[in-house]
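In our numbering, the protein residues as written are 201 to 583.
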């Protein structure tokens, strides 16, 4: 198949949508498909990117909309650029966004006759505090738009229950297929965390807790760090590494108690080694959909200790690959001590790695191929 993926964020931007899109493209190409990526320009993008077509973008627009610093906002291509893009022979279009990228997918579908698949990745209500508009106005604008967009495409996918619930809350009652993100399981199974521990002055035998991801208000970093501090009162040898960057990093690092270190961001190639260094992954966020970092932690054999949320309930089998607790410092501290108990930790680590097999890239790429074949057959039948 000739597949066009239209995304508002792509590598080298660092977020779950960009990472999962790149993985799916690789998995589909490994299965013999031609995949063309249409994504915004980025100042750090490689000089040559086969089958990646960059559209104009604006960092000023990103700041105005409250987007992360490395998330340039895509601008609508004019007719001259559109005419130069390889669109007319595409067989399937896939977009990750219901706004401009989604609008382009629908427009380009009329050029090519290709069906459109939409993956709903983001709980937009959780991010309205970044925008300059009042939250009530933001909700009144985005909810009917997202719902209307979902009704216009040929298939709607959602990584987890959180997104399915969001779409229903927005008024979309059509079919939604749960469709988890992929992970390159081989890279995580081969990872060795010893060097990462050494680089961050963590002894080989110290119980190491890790959070990896964006450091922003919706991640509830204060609750997470207080939970770790309460757990450390019972086990003073515990260490916490907070891996990543974001607007909350400076304040969280300034007020962090003993035993907590902030590493800053790491290159994606180092993520498997970072997570392999951890004994457990801790998060207090309740805004996640099905975060790549939590799937990657499982792939690295790091059990999850997570605040109760739809994403946590999707990923965690209680007592097998982690534990779900209330989003309070004491509850998460108890969960952390539960997971790190010497008689329990080995079994949870084995359970974490075993549970990641369902997210392996070849498995998910084949499943996505089947979605494309189904919508293509449906479009052909209607013709």
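All residues carry an ideal CB built from backbone N, CA and C; glycine is no exception.
Small disclaimer: the values here were computed from a predicted structure and weren't measured.
Residue i, DSSP secondary structure in three states
i           : result
residue 294 : strand
residue 261 : Caution applies to residue 261, whose pLDDT of 48 falls short of 50 and renders its modelled position unreliable; the model cannot decide the point.
residue 266 : Bear in mind that the predicted position of residue 266 carries a pLDDT of just 48, short of 50, making it unreliable; the figure below should be weighed with that in mind. Reduced to three states, the DSSP call for residue 266 is coil.
residue 449 : helix
residue 391 : coil
residue 249 : coil
residue 570 : helix
residue 494 : helix
residue 212 : coil
residue 384 : coil
residue 415 : coil
residue 548 : helix
residue 275 : coil
residue 577 : helix
residue 366 : helix
residue 488 : coil
residue 230 : helix
residue 514 : helix
residue 376 : coil
residue 254 : strand
residue 408 : strand
Expected contact under 8 Å - CB spacing of residue i and residue j to nearest Å
i           : j           : result
residue 431 : residue 533 : 4 Å
residue 286 : residue 236 : 6 Å
residue 523 : residue 511 : At roughly 14 Å, the Cβ-Cβ gap does not stay under 8 Å, so residue 523 and residue 511 are not in contact.
residue 580 : residue 548 : Their Cβ separation, rounded to whole angstroms, is 47 Å, which puts residue 580 and residue 548 out of contact at 8 Å.
residue 529 : residue 427 : 4 Å
residue 272 : residue 258 : 6 Å
residue 429 : residue 457 : 5 Å
residue 567 : residue 420 : Contact flag wrong, Cβ pair sits at about 32 Å.
C-beta atoms of residue i and residue j nearer than 8 Å
i           : j           : result
residue 243 : residue 255 : no
residue 569 : residue 228 : yes
residue 350 : residue 367 : yes
residue 295 : residue 318 : yes
residue 293 : residue 305 : yes
residue 403 : residue 371 : no
residue 415 : residue 445 : yes
residue 238 : residue 565 : no
residue 412 : residue 489 : no
residue 474 : residue 466 : yes
residue 383 : residue 499 : yes
residue 418 : residue 485 : yes
residue 233 : residue 203 : yes
residue 435 : residue 537 : yes
residue 297 : residue 208 : yes
residue 588 : residue 364 : No answer is possible for residue 588: the residues shown for the chain start at 201 and end at 583.
residue 586 : residue 525 : In this structure the chain extends from 201 to 583, so residue 586 is not present and cannot be described.
residue 201 : residue 572 : yes
CB contact check: residue i to chain D, cutoff 8 Å
i           : result
residue 451 : Among the protein chains of the structure shown there is no chain D, as only one such chain exists.
The beta strand (DSSP E) enclosing residue i, as first and last residue numbers
i           : result
residue 240 : 234-240
residue 204 : 202-206
residue 480 : 480-483
residue 461 : 460-464
residue 439 : 439-443
residue 160 : This structure does not reach residue 160, given that the chain is present from 201 up to 583, and the question cannot be answered.
residue 402 : Where residue 402 is concerned, there is no enclosing beta strand (DSSP E), given that its DSSP letter is neither H nor E.
residue 477 : Looking at the DSSP string, residue 477 is not in any beta strand (DSSP E), and its letter there is neither H nor E.
residue 504 : 504-507
Alpha helix (DSSP H) segment containing residue i, residue limits
i           : result
residue 522 : Taken as a continuous stretch (DSSP letters only), residue 522 belongs to no alpha helix (DSSP H), being part of the beta strand (DSSP E) at 522-525.
residue 531 : 529-539
residue 356 : From DSSP, residue 356 is part of no alpha helix (DSSP H) but of the beta strand (DSSP E) over 355-358.
residue 282 : 279-284
residue 316 : Per DSSP, residue 316 belongs to no alpha helix (DSSP H); it is in the beta strand (DSSP E), 316-319.
residue 421 : 421-434
Using 8 Å as the Cβ pair cut-off and three pairs as the minimum, do the stretch 347-363 and the stretch 385-402 touch? The answer is no - the stretch 385-402 does not touch the stretch 347-363, with fewer than three Cβ pairs under 8 Å.
Contact between the stretch 245-259 and the stretch 215-224 is defined here as three or more beta-carbon pairs at a separation below 8 Å; is this criterion met? The stretch 245-259 is not in contact with the stretch 215-224.
Cβ contact (3+ pairs, closer than 8 Å) linking the stretch 492-511 and the stretch 554-563: Yes, the stretch 492-511 is in contact with the stretch 554-563.
Does the stretch 368-380 come close enough to the stretch 439-457 to have 3 or more Cβ pairs within less than 8 Å? They do not touch, by the three-pair rule.
Three or more C-beta pairs below 8 Å linking the stretch 430-444 and the stretch 405-418: Verdict: yes, contact present.
Touching or not, the stretch 304-315 and the stretch 573-580, by the rule of three or more beta carbon pairs under 8 Å? With the cut-off at 8 Å, the stretch 304-315 and the stretch 573-580 touch.
Between the stretch 458-465 and the stretch 502-510, do three or more beta carbon pairs fall short of 8 Å? Output reads no: the stretch 502-510 does not touch the stretch 458-465.
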